[in-house]
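These notes are about the structure you will find just below.
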Amino acid sequence: MTNLTALPSPAARLSARLRQAIDLRVRGGRTIKEACAEAGLSESAFYKAIQRPAVRDHMQELQERFVTEVEAKRTAYRAEALDAARDLMKNAKSEAVRARMIEFLAGDGKAPAVSVNVDARQAPARGYEFVRPGQSVVQIVDVEAAQDD
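With the numbering used here as the guide, the letters of the sequence shown map in order to residues 271 to 419.
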């Protein structure tokens, strides 16, 4: 009896140019064409490489890491913005600026505008109107005649 164990497959090797192109694409927001040109990689090589599961996994992992970093920065920047708003509220010379900062910090900022589309050019229906049997028809009654009754 022999003890045979399966060896884990070696990690996929990604070239430095491919890694740089993926990094420029994810972190730099470049198009594939721009990222490949800057990294010195042909577009066809990028498209061929992205078909491999290991490359797709690397790109997905990089995107997830990037989103996590951005969220962390967003929290820090929000705290700095609130500090600056508080400082403006306390020290601004303009009453309007102080009032805006009070609204901002109280959370009573302007609500997003609601767009309601109503076409005022719609004309009432013209032509013959069919009244079904049993349907009541609006009748205009003279107010003075109704009061005399």
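Quick reminder that beta carbons are idealized off the backbone N, C-alpha and C, glycines included.
Here ALA319 is buried. Its C-beta has 16 or more other C-beta atoms within 10 Å. Scanning the region 319-374 for uninterrupted beta strand (DSSP E) segments of 3 residues or longer gives nothing; none is fully contained. ALA305 is positioned such that its CB atom lies closer than 8 Å to that of ARG295. The DSSP-derived three-state label of ILE292 is helix. Counting other Cβ atoms within 10 Å of its Cβ, ALA291 reaches 16 or more and is therefore classed as buried. Look at PHE400 here: in three-state DSSP terms it is coil, with no helix or strand label. One thing to note: ARG356 has its Cβ within 8 Å of the Cβ of LEU375. Inter-residue distance for GLU373 and GLY299 is about 35 Å (C-alpha atoms, whole angstroms). Taking the C-beta atoms as reference points, LEU311 is found no nearer than 8 Å to ARG344.
Within the same chain, Cβ atoms closer than 7 Å to the Cβ of LEU284 are found at VAL325, HIS328, the five residues on either side in sequence being excluded.
Between the C-alpha atoms of THR275 and GLN321 there is a straight-line separation of about 30 Å. Assigned with DSSP and collapsed to three states, ALA276 falls in coil, not helix or strand.
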